[in-house]
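Each residue of the sequence shown is one higher than the one before, counting from 1 in the numbering used here. Note that beta-carbon positions come from the ideal geometry of N, C-alpha and C, so glycine has one too. Note that the coordinates shown come from a computational prediction; the quantities given were computed from them, not determined experimentally. Presented below is the structure to which this report refers.
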Amino acid sequence: MVFGIHQAQKLLRSGEVTPIQLVQRCLEKIQSEDSRLRAFITVMREEALDLAEKQTKILKTCKDREDLPALFGIPIAVKDLIEVAGVRTTAGSLFWRDFVSLEDAFVVRKLKEAGAVIIGKTNLHEIALGVTNSNPHYGICRNPCDPTRISGGSSGGSAVAVAAEMTLGALGTDTGGSIRIPSALCGVVGLKPTYGRISLRGVFPLAWHLDHVGPITNCVQDAAILLSVMDSYDCDDPFSSLKRSCLKPVLTGDVANLRIARSVGRFVETSDPEILNALEMSTRVFKDLGAQIVEYDIDWLRNVASANGLMTQVEAAAFHEERLYEHPEWFGDDVRERLNQGLSKRGVDYAFARHTQTLAKHRFTEFFKEHDLLLLPTTSVTAPPVSEDSMSSVQAVKPLTRFTAPFDITGLPAITVPFGKSKSGLPIAVQLVGNVWAEAKVLNAAFALEKAIQSN
């Protein structure tokens, strides 16, 4: 059976599989695996089967299947802070446990227009404020590679659903690394696009100036397909950017003479040895493929990551302030602690963080005049063990976001690519970062790396 979007596209058009077969297989996986992994908050079983049956009938009578929409018959899962009309959207919180939106989020509408079958709403760290996905209200989301380990978050359910073959693709959000972290820990591909490329309308905010929507998939080609479907200016979203480069990802795998800066410095070198080995090996792969490799000290990103964390806490506290005062007990301990930390910050603290953001953007503008991509780890550690202590989620933030958060605050496109496993069998990943609007370059380099890994 098919596990990837691009394979499913071909097999649907050749008539070798039908939409109902794809949906049924995903539902069977959910039925058999989700009670222990807790990837989903809401499974849209009846809605998905109904649409898949209609699409199967269309497929049988269609004269030119090549004209079918890009995602026709493809099961896609959506993080449960992205609104789907007629289905509850909880944001992983008690506050919205019964909230049902009347409209689709802009990105969901784009998916549906492309023929996608929304199969369910995935689990997340409560209000997306955390990286362990240990949700006290909807269950601990567990890593399919080792259920005693965390999935990562906050888009953990989406990453688990893809890794466990419960869906062919999924949407997540990324404010400090929430697409890339769980994707890295679960061994799948996660892409955070340029800030402003993908509409945030109909998506519950965590931090307005840092939030991104992006795809989680089994391979780079699938990520490119989902990104292309969602890529559109939204005049009703104040954060959507009209000034953008056209997205036409052509995945050739040709990286000859591409200028890649390999991260070095103490900020990187404190990572687990197996993580550093993956960074070294991926550097060799690119060098063998003809890329130009230079070393680049990223120690300065430590302060940038800290500024991202402060902005996240302050903006999240601003959005949730009224709820925090009225029903503090409805928040989990770790989330309540981080919201209170946000409320305690001074205006000057936030001002300095925004100033750091401006300086970092300028520094990367100059960086990309001499380099095409930055190569670094996605996380400094492999998936930590699940802990029953909710406050461990607060302690997990810095080691898991140190290499991801700098690219939320700067809005740069970044992708995580699986790069083997540790001796204990846990996924390891590396990350590629490009200039604003350079998703095509990022995706092509990631595709080259992925092909090289698979061939070896």
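Taking C-beta separations shorter than 8 Å and ignoring five residues to either side along the sequence, the partners of residue 401 in its chain run 131, 176, 177, 181, 305, 308 and 309, following chain order. For residue 78, DSSP records a beta bridge to 121 and 171.
For residue 451, the enclosing alpha helix (DSSP H) stretches over residues 439-455.
A direct Cα-to-Cα measurement between residue 415 and residue 303 gives close to 21 Å. Shown here, residue 212 sits in a strand according to DSSP, grouped into three states. Residue 94 places its beta carbon less than 9 Å from that of residue 327. Counting every other CB atom within 10 Å of its CB across the protein chains shown gives residue 38 a total of 16 or more, marking it as buried. For residue 395, the closest alpha carbon among the candidates 158, 7, 438 and 338 is that of 338. Straight-line measurement puts the Cα of residue 317 at about 41 Å from the Cα of residue 22. As for any beta strand (DSSP E) of minimum length 3 sitting wholly inside the stretch 203-280, the runs are 212-217 and 259-264, ordered along the chain.
Nearest neighbour of residue 265 by Cα position, chosen from 34, 129 and 375, turns out to be 375.
The Cβ-Cβ distance between residue 49 and residue 24 falls below 9 Å. By the Cβ rule, the stretch 157-172 does not count as touching the stretch 363-375, because fewer than three pairs are nearer than 8 Å.
Pairing residue 260 with residue 294 gives a Cβ-Cβ distance under 9 Å. Inclusion of residue 234 and residue 247 in the CB contact set at 9 Å is not warranted, their separation being larger than that value. Residue 295 carries a strand assignment under DSSP once its states are collapsed to helix, strand and coil.
Assignment of residue 343 by DSSP, reduced to helix, strand and coil, places it in the helix class. Membership of residue 30 in any beta strand (DSSP E) is not indicated; the residue belongs instead to the alpha helix (DSSP H) covering 19-37.
The C-beta of residue 31 has fewer than 16 other C-beta atoms within 10 Å across all chains shown, which makes the residue exposed.
Under the three-state reduction of DSSP output, residue 146 falls in the strand class. Residue pairing by DSSP leaves residue 86 without any beta bridge partner. Judged by DSSP secondary structure, residue 420 falls within the beta strand (DSSP E) whose first and last residues are 414-421.
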